[in-house]
Amino acid sequence: MAPAQNEPPRVEIRPFCPADHEPVVALYRDSMMRYTHKSHPHYPVWVDYVTHTLATDLADIPGHYLNKEGANFFVATMQTDDADEPIVVATLAIERKSETVAELRRVAVNASYRRAGIGRLLMRHTTEWAKANKYDKLVLSNAATQDLAHKFYTSLGYTLTQRSVHCEDPYFELTHFEKEI
């Protein structure tokens, strides 16, 4: 059950551990597939993207993030009334692009817990981690159709820097954001 509107959620943000793998994969897959449906022209693009992600970095989170210098994978967990253990409600990976630039990836918040401040907490935590690791710029990209995510990122001080074409048929555009920290 999601927290009441006026009750702030009790969230723990911590690095990924192996027991998180299955819920992280399910959360990411479900979160990304909410942006499409079978009759939409972009459906095959989303399916290919999610399938590729699940077979690459999310298949080996320690190898892609935890065991690499300047990278990490965070989960936000919270205790709910209907679970014995805290559940994973959000994810965010950070990956080194250069000595001073890191890329945010795999940003996902369980739909039942959106607009409860969890995404902001996770972004703040990751930004502090990035500062402590000597980064001075964060970058991220997502689908141009993810308007709510764009509003979220700009509310956190990110600037839209460019658009790029991911594929021509069906036409699918990406948006790229950055923030000096």
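Just so we're aligned, residue 1 is where the sequence shown starts under UniProt numbering, counting upward by one.
We treat Cβ as the ideally placed atom computed from N, Cα and C, and that holds for glycine.
Closest to V45 by CA distance: which of F177, A143, E178 and T161 is it?
The residue with the shortest Cα to Cα distance from V45 is A143.
How would you label A55, buried or exposed, when you count the other beta carbons within 10 angstroms and need 16 or more for buried?
A55 counts as exposed, since fewer than 16 other beta carbons sit within 10 angstroms of its beta carbon.
Distance, K179 Cα to T161 Cα:
Near 10 Å, if we compare the C-alpha coordinates of K179 and T161.
Could you please give the first and the last residue of the uninterrupted beta strand (DSSP E) stretch that includes L66?
Counting along the chain, L66 falls outside any beta strand (DSSP E), and DSSP gives it neither H nor E.
Is K38 helix, strand or coil by DSSP?
Of the three classes helix, strand and coil, the one that applies to K38 here is coil, per DSSP.
Does the Cβ of G119 have 16 or more other Cβ atoms within 10 Å, making it buried, or fewer, making it exposed?
By the neighbour-count rule (16 or more Cβ atoms within 10 Å), G119 is buried.
Could you tell me the distance, in whole angstroms, from the CA atom of F73 to the CA atom of K38?
Just so you know, the alpha carbons of F73 and K38 end up roughly 30 Å apart.
Which residues in the same chain have their Cβ closer than 8 Å to the Cβ of Y65, if we skip the five residues on either side of it in sequence?
If we look at Y65 and ignore the five residues flanking it on each side, its Cβ neighbours are F16, D57, A71, N72, F73, A93, I94 and E95.
Measuring only the C-alpha atoms, how far is D20 from Q79?
In a straight line, the C-alpha of D20 is about 14 Å away from that of Q79.
Residue range of the alpha helix (DSSP H) that includes P23
Note, P23: alpha helix (DSSP H), H21 to M33.
From E85 to T77, what distance separates their C-alpha atoms?
Separation of E85 and T77 (C-alpha to C-alpha, rounded to the nearest whole angstrom) is 9 Å.
Measuring CA to CA, which of R124, I181, S155 and H150 is closest to V11?
The option with the nearest alpha carbon to V11 is R124.
Can you pull the DSSP bridge partners for S141?
Paired residues: H176.
Residues near Y153 by beta carbon distance below 6 Å, same chain, minus five either side
Excluding positions up to five away in sequence, the list reads F177.
T91 lies in the beta strand (DSSP E); which residues open and close that run?
Counting along the chain, the beta strand (DSSP E) containing T91 begins and ends at I87 to R96.
Among A116, K137 and P18, which one has its Cα closest to the Cα of G63?
Residue P18 is the option with its Cα nearest to G63.
Between N110 and V89, how many whole angstroms is the CB-CB distance? I'm expecting something under 8 Å.
Contact flag correct, Cβ pair sits at about 5 Å.
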